[in-house]
Each structure stands twice: as structure tokens, then as C-alpha cells.
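Student: What follows is a single structure, and I will ask about it in a moment.
2 protein chains.
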Amino acid sequence: MSGPARATPHASSKATVLDVIRAAGVISRVGLIGATGFTGATISTVVRKLIDEGLVVETGRAESTGGKRRVLLQLNHSARYAVGVHLDHAGNTYVLTNLGGAVVARILRPGVADPAAVVGQVADSVSALVEGVGIERELVLGVGVVSPGAPGAPGADVEGLVGELGRAVGLPVAVDNDATAAALGEHWSGGIGGTATSAALCMGTRLGAGLVIGGITYRGNGGDAGEIGHVSVDALGPVCWCGGRGCLEVMAGPAAVVAEAGELPSLARELKGGSVAADFAAVARAARRGEGAALGLLERSARCVAVAARSLANLMDLEVLVLTGPGFAVAGSVYLPVIREELGRAVVGRGSGGVDVRLSRSASTAPAIGAAALVLQAELVPLTQGLRLPENLAAAEPAALAPGV
Amino acid sequence: MSGPARATPHASSKATVLDVIRAAGVISRVGLIGATGFTGATISTVVRKLIDEGLVVETGRAESTGGKRRVLLQLNHSARYAVGVHLDHAGNTYVLTNLGGAVVARILRPGVADPAAVVGQVADSVSALVEGVGIERELVLGVGVVSPGAPGAPGADVEGLVGELGRAVGLPVAVDNDATAAALGEHWSGGIGGTATSAALCMGTRLGAGLVIGGITYRGNGGDAGEIGHVSVDALGPVCWCGGRGCLEVMAGPAAVVAEAGELPSLARELKGGSVAADFAAVARAARRGEGAALGLLERSARCVAVAARSLANLMDLEVLVLTGPGFAVAGSVYLPVIREELGRAVVGRGSGGVDVRLSRSASTAPAIGAAALVLQAELVPLTQGLRLPENLAAAEPAALAPGV
């Protein structure tokens, strides 16, 4: 895998052209010149190399606009693959995606607590995915692994895990947190594609947010951006483990909902105590069956989540907020209208025309798809070489600028 | 003024080199090659043009490291100037800055409510600044004007104002909101320079935040990013004009502090009712004299501001938070320890090593300096052409990536 550190000027133009082709679906060489700003000679050379490497194929001609009909290019989706792994206490999701990020195979496995068991399960599952689809292992670029904890969380021996996994599966390994990966997964699967500034609000075992600015996942100073679970919704509220008061996680996160459900006799019997995410899903099922106590708990949670989402929207001036992750896969129908109402009523930005709040169409697999996209993107887009903040987000452009007379 | 739309590839490399020289202070041609990634031939050509235009000067040689001693380059600070205007109800601040963003002259004028009077005052003040310093008017690149309202706020006829001001002063005009400008001003004046992700929390007539990501002010989807005044710190709190509950502005902003002070007989007599900012300054002076009621009001406000700042820090994973604007110029000594304590105790990001909370050294003039920087930056850095998200903020780079074995 060509990581950013090893990228060359040639790798940069190749990666830029590949990402433009991926995002466009199909595009002509002339279209690539317009989209990249490269010269015709550069595009011609790079495209020939991509075709020679089997990453891009020609796919017919565009409608004539008077002159010669242009040859269209697209990714050769089956040229490469990546494995994405979402480790969660409730269960582990494995996906094999093609070069375009589409899921070609999926496996669900039970969650495991022992790190050694994780390594074994990942190695077995990667083999099962690759053999099940019948592709050559050489075509798999690597394995992305994401989990609820941020990579820098205490006790997470990330480097150790990456090394062990790499040895066990014989492939490059990338790791990240589930919310950031979910945002990347939504971006790659079109859930928030093309938008200027968007966020994925991800609910699994915990609440987290991933931020995408102009197609780039924003990570912050230390890789910990998007910690919406520690946005306070009550300055005088209960103390969170982080030391703050009234954090969203402690007020309304899945663990808080499950704890409250455990206090209610009508709901307590639904809870198996296996994992927070599984018990949260049980509460959501009870709400969908029309049980008032369960619905009341989720609606109270949704109101807190909506307030924190409004704070996020006002700080980031979002265009799109997508609700994703296993928690919203089971309870999104309760949360969506409450969050939509709050953001429709009370976001101050007027230039933006409001925030488009959506429920993901791939909520349960978005973190795993994003995990695979980590690997694909490291291959396709060595970001240190080329991407820019889009014009409408850029700083130097003042809000209004008129020539003097 | 060369705006982004008119920038050419040549303008791009020129602007990139100029901004690198500005940020570095002094730098050699070899240093520029390393910082920009351009070839030696490109750097040589661009630097020669910049010297011919009078924007850059040679300034001696570096210490020898064995070979030939390298010629050092720096901005010719007196080659160009810009005017920055901070309009606030409490008073208007005018600065003339040189090409490096240093203030060379400053005028304070009373606030005026009538738009026609604003145009007249700005035109008079620009002339007074330019004539007072004795520079040629042709060297002034333009006028930046910032105010508490976002450009898109209802009732703000920004295009009309820009047109009228442009005609009145005969110079290009840029407008923006005060908080975004304050962040840019802090960046240019070194208050948050060199940091990966930082924010300026600006208190004038209102509370706002400006976000700087890798040297670029982040504006969001519609130019309304950083609205920290509408981060909720109490989901069940009082209703704000925006429709939300418990917004920071309504709980703890300058207007809320002044309203509470008006209810207290010991403080009410200090308030002249001229403007929120002037009355807030009166409360701050009373607190500095040791009046307990005033100190209590400010400390209560500071605790709310600290909670919202923590939410911002957890979402953006900040490296630096600088307190700036006229409000913090008078009351920063009360707010700083409270915000520092909250962010020191309860920010979840561990990768970042905590948030560095600072009080600006130019709190009262930062919005005006930023207004001038809007103009300078439009000249120096047509951002659509070149800047990138820095490596440590970029998306494609996973948190850990190890080769398979």
C-alpha cells in the first residue's frame, strides 16, 4: 500500500485522477482535465498507466456534442478489494468491498472481549470473506479495523494490535474509531456525498460523530474530533467519567437508556445484559411494538441528542447530518423526527438553508464500510499530496468582496 | 485585488511563496523549496518576480552550515497596507496594518446606528489613517469591515453596504463577522500561529467563535460556522430568539450579564444604557474593583462559557483556544481561569495533550486586525489555488497503518 509518506509527485497525480474518477462514476479525459487542473498531456499519461495497471477501464463514448465523441472512463471496480471490520461489544461486522467501496460480501460474528480472540476471529473472517467470494488474496489491499474507543483511548494498545493483526492476516492494517469511520463510510457510499460540510452521528455502544469537510474526514489536533458524547447538554447535570457535567453520553447515550430501562419493571425483563448495544436494541424493539415506557425513554434520549446535534450544527454550519451506526439502525425512526424538528427550528445559520437531517440507508454497516474505505483511500488518495479545502469553505475568500470604484 | 476567481497558476505559486515567507518571517530559497514542494527553478523565478514587484526583499545571509551562506528573504512590510474596521455598538475600531499584518496606526470612533453615517465615518477614517501615516493611497489594498452580525443575518444589506463603502472610499471592500475576523487576526498576529486546529472565542456585543484549521479560517456551509452563542448549555433552559433553549448567549452572553446587573441595585447605577458592550465593561470594572455582586455575575457567566467551550473543544479537538475581543479585553482575567480549569479537567481527547487556553495580547483590536487580514489574505493567498489540509488533519491518513508481514 502506498501510504502518504511514500507518495511521489507521480503517485499524487495518479491518486488525484483515481479519486476524481471514483467520485464521478464515469468521466472523459477532457472532464478529468477540467476537474483536476492537470494538462492534457499529464491526464493522457496518467490514464494510460491506470489502464495498464487494470485500475481503470474505458466504457464506451459520451453523447456527441458536435465534435468527436469522447471515450468515457470508470474505475475497474473488481481490480482491488479491501476488508472493513467493525468491532463492537454487541457483535463484529466484516465487509469485503470492491475498489468503489461497494459491499460484495458481509459476515456477522459475535463480539469477543479477549484481544487474542479478536486477532484470531479477524484472521479467520478475512480468509472466509476472500475465499467465499473467490478472489485472489493479492487483490486485497488491506484490512481496516474500527471500534468504539478512539485510537488514543487509555488501555488501547493500538500499535500492538495493528502489529499482531498484520502478522495474522498478512495484510496491511489500518485502525480508527467507529464514528470517524462511519462518516467516511457514508461519504464513500453516497450518504453524504458531494456536500460541503457534513457530519455522521454514529450510535453503537456509544455516541460519536465523524466530520467530513469537503470530502475529507476531519480528525482534529490529536485524532479525537467529533466527541459529541462529551458535548454538555446540562451545565449542572450529572458528572460524567470524563470529569464534565451533563455530557450527552451520560444523559442520553445507549448505556444511559439501558440503565433507565433496567429500572422499569416492564422493560427490565427485555434486557439480557449481554452488551449495551444488544440491550439498547431490545428497548428499541419494545418501542416499535408500541410499548409506551420504551418509547418515552427513547424520545427523552432523542431530545438530548437533538440539542447536542444543534450545538454541532451551529458550530460547524453543517449542510447534512446523517444518523448512522447500529443504534440508529434499530431506533432511527424515533430519533429522526425529533432531531429534524430541533435542527429545523433552531439553527442560526441562514446562508445554509437549513440542515438536511437523514437516516442512513446503511446504518448498521457504515462503520465497517468506512473501515474498508480507510484502506482504499490510503491507496487511492494520498491526501498530503493534493486535496484542498473547497472554495466555499476556504478562508481567504471574504464573505463579500467588491472592487472599489 | 486579485480575488480567487481571477487567480492563475502563476498567481497561485506567487501567493503560496508569499504566504510561506510571511509566516516564516525570514527564509532562504532552499527553505522555500522545502516548504512549498516547488522546484528550485520555480522558486527562483517566483522570488525574482516578487522582488521586482517590491513585495519581498533580500535581508542578509544565514549562518553557514558548511557550504555557501544562503541569502535570506523577507516580506517588504511597507510595500502594501490594508485598513481593518471593527464596527460595534460600543465603538468602532480602525487599524491600518502593513503587509505583515502589524498595526501601524489606530483610530477609535463612537459607534453609529445609521448606515449612512457608517459609510461617512469609514470614508473619513480611512483618509485620516492613510494621511496620518503619510503613505501613498495606491499602496492600500482595500478595506475589511467586520461587525457582530453574520453577513447573512436578516436585515443586513451586505451587498448594498459593500457597494456604498467601495464608492465612498475608492477601494475594494471585504466584509465578515467579528468572531471569524478575530480568529484570522489572532492567526496573523501570532496569537494562535502555527497550531493545527485552534479557535478564537470572541466577546464583543455578542459571543462568537472563529475556527482556524491549519492556518485556514473555517467558514462552514453557509459562512455561519462558529456560532458558539447558540450552543446549548441547558437543554431545558430559557428560550433564545433563535428558537432553541439554553443557548450560551441567552444564559451567559454580555447582554444577559448586563440584564442581570440591571436587577441588582448595587450594579444598576453603573450602567449607562448606551450599549451592551459599554455596560458589560462597566460590570467588569466593578468586578476588578472587588465588588462581589459583579464578580459573582461574571463568574456565573464564565462557568457557562467554559461548558460551551468544552463542547467546542470536544467536537473540534482543539490545540489552542484564545479568548479575544473587547469583552475579554476587560473581563478576561475572570473568565480565563474558569475556562482553563474546565478544559483542563474535562476534555476527552488524549492524543492532543490538552487544550492551551490563552488570553489574547491584542483582545481589543483582534477583530479589526482580522478585518485588515481579510484584505491582505485575498491578495496574498488565493486559497482555491493551493492550500491543503495539513497532514495531521487529513482524512486518508488512518490513525495507524502498518505494513503486513
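These protein sequence lines are chains A and B, in that order.
Counted from 1, the first sequence has number 12 at position 12 by this note's numbering; the numbering is strictly sequential.
Remember, this note's numbering sits 1000 above the position in the second sequence when you count from 1.
Backbone N, C-alpha and C fix where the C-beta goes; we use that ideal spot for every residue, glycine too.
Please read these numbers as outputs of a predicted model, since none were measured by experiment.
Rank B:Ser1364, B:Ile1021, B:Ala1035 and B:Gln1377 by C-alpha distance to the C-alpha of B:Ala1200 and give the top, closest one.
Tutor: B:Ser1364
Student: Could you list the residues in the region 306-318 of chain A with a C-beta less than 7 Å from some C-beta on chain B, going in chain order?
Tutor: Val307, Arg310, Ser311, Leu312, Asn314, Leu315, Met316, Asp317 and Leu318
Student: Under 7 Å between the Cβ atoms of A:Ser189 and A:Ile369?
Tutor: yes
Student: List the residues of chain B that A:Cys304 touches, going by C-beta distances under 9 Å, in chain order.
Tutor: The answer, in chain order, is Ala1235.
Student: Would A:Gly244 pass as an interface residue toward chain B - the criterion being a Cβ-Cβ separation below 7 Å?
Tutor: yes
Student: By DSSP's criteria, A:Val47 is part of a beta bridge. Which residues make up the other side?
Tutor: Beta-bridge pairing links A:Val47 to no other residue.
Student: What residues from chain A crowd round B:Ala1041, counting only those whose CB sits closer than 9 Å?
Tutor: Going along chain A, no residue has its Cβ under 9 Å from B:Ala1041, so there is no contact; the nearest lies around 15 Å.
Student: Beta carbons nearer than 9 Å to chain B: which residues of the region 215-228 of chain A have them?
Tutor: Gly215, Ile216, Thr217, Tyr218, Arg219, Gly220, Asn221, Gly222, Gly223, Asp224, Ala225, Gly226, Glu227 and Ile228
Student: Between the alpha carbons of A:Val305 and A:Ala252, how many angstroms are there, rounded?
Tutor: 7 Å
Student: How would you list, in chain order, the residues of chain A whose beta-carbon sits under 7 Å from the beta-carbon of B:Arg1345?
Tutor: At a C-beta separation below 7 Å, B:Arg1345 has these neighbours in chain A: Gly243.
Student: Is A:Cys202 helix, strand or coil by DSSP?
Tutor: strand
Student: Determine whether the Cβ of B:Val1020 lies closer than 7 Å to any Cβ atom of chain A.
Tutor: Cβ-Cβ to chain A under 7 Å: no for B:Val1020.
Student: Hey, could you find the ends of the alpha helix (DSSP H) B:Ile1192 is sitting in?
Tutor: That residue, B:Ile1192, is in no alpha helix (DSSP H); it is neither H nor E in DSSP.
Student: Should A:His86 be flagged as near chain B, meaning a C-beta pair shorter than 7 Å?
Tutor: A:His86 does not count as touching chain B.
Student: Name the residue from B:Ala1041, B:Glu1164 and B:Thr1093 whose alpha carbon lies nearest to the alpha carbon of B:Gly1084.
Tutor: Out of B:Ala1041, B:Glu1164 and B:Thr1093, B:Thr1093 has the C-alpha closest to the C-alpha of B:Gly1084.
Student: Beta carbon of A:Ser311, beta carbon of B:Ser1078: below 7 Å?
Tutor: Contact flag unset, no.
Student: Anyone know if the C-beta pair for A:Gly144 and A:Pro172 falls short of 7 Å?
Tutor: no
Student: Note the first and the last residue of the continuous alpha helix (DSSP H) segment covering A:Arg285.
Tutor: Val276 to Arg288
Student: Tell me, please, whether the CB atom of B:Val1126 is closer than 7 Å to any CB atom in chain A?
Tutor: no
Student: Kindly list the residues whose CB is nearer than 8 Å to the CB of A:Ile33, restricted to its own chain and excluding five residues on each side of it in sequence; keep chain order.
Tutor: Thr39, Gly40 and Ile43
Student: Please confirm whether A:Ala23 has its beta-carbon closer than 7 Å to some beta-carbon of chain B.
Tutor: no
Student: Are any of the Cβ atoms in chain B nearer than 7 Å to that of A:Thr197?
Tutor: yes
Student: How should A:Lys68 be labelled, buried or exposed, when 16 other C-beta atoms within 10 angstroms of its C-beta is the threshold for buried?
Tutor: exposed
Student: With a threshold of 7 Å between beta-carbons, can B:Val1231 be considered close to chain A, or not?
Tutor: yes
Student: Just to confirm, is the Cβ distance from B:Leu998 to B:Val1056 under 7 Å?
Tutor: Since the first residue of chain B shown is 1001 and the last is 1405, residue 998 of chain B is not available in this structure.
Student: Whole angstroms are fine: how far does the CA of A:Leu297 sit from the CA of A:Leu264?
Tutor: 10 Å
Student: Take A:Leu96 as the anchor and find which of A:Ala373, A:Glu58 and A:Ile27 has the nearest alpha-carbon.
Tutor: Comparing alpha-carbon positions, the option among A:Ala373, A:Glu58 and A:Ile27 lying closest to A:Leu96 turns out to be A:Ala373.
Student: Specify whether the region 1130-1138 of chain B and the region 1217-1229 of chain B touch according to this definition: at least 3 beta carbon pairs, one from each stretch, less than 8 Å apart.
Tutor: no
Student: Residues in the same chain with beta-carbon distance under 8 Å from B:Val1334, minus the five sequence neighbours each way, listed in chain order, please.
Tutor: Ala1284, Ala1287, Leu1295, Leu1298, Glu1299 and Ala1302
Student: At what residue ranges does the region 310-371 of chain A contain a whole run of the alpha helix (DSSP H), taking only runs of 4 or more?
Tutor: 326-345
Student: Measure the beta-carbon distance from B:Cys1242 to A:Val348 and round it to whole angstroms, keeping in mind my assumption that it falls under 8 Å.
Tutor: 5 Å
Student: Can you list the beta strand (DSSP E) stretches of 3 or more residues lying completely in the region 86-162 of chain A, in chain order?
Tutor: 92-98, 103-109 and 140-147
Student: Taking Cβ positions only, does A:Gly155 come closer than 7 Å to chain B?
Tutor: Because A:Gly155 carries a pLDDT of 46, less than 50, the predicted location of this residue cannot be relied on, and no value is offered for it.
Student: Of all the CB atoms in chain B, is at least one closer than 7 Å to the CB of A:Val348?
Tutor: Output row for A:Val348: interface = yes.
Student: Roughly how many whole angstroms lie between the Cα atoms of A:Cys247 and A:Thr180?
Tutor: 19 Å
Student: Relative to the alpha-carbon of B:Leu1343, which residue among B:Ala1331, B:Asp1176 and B:Val1322 has its alpha-carbon at the smallest distance?
Tutor: B:Val1322
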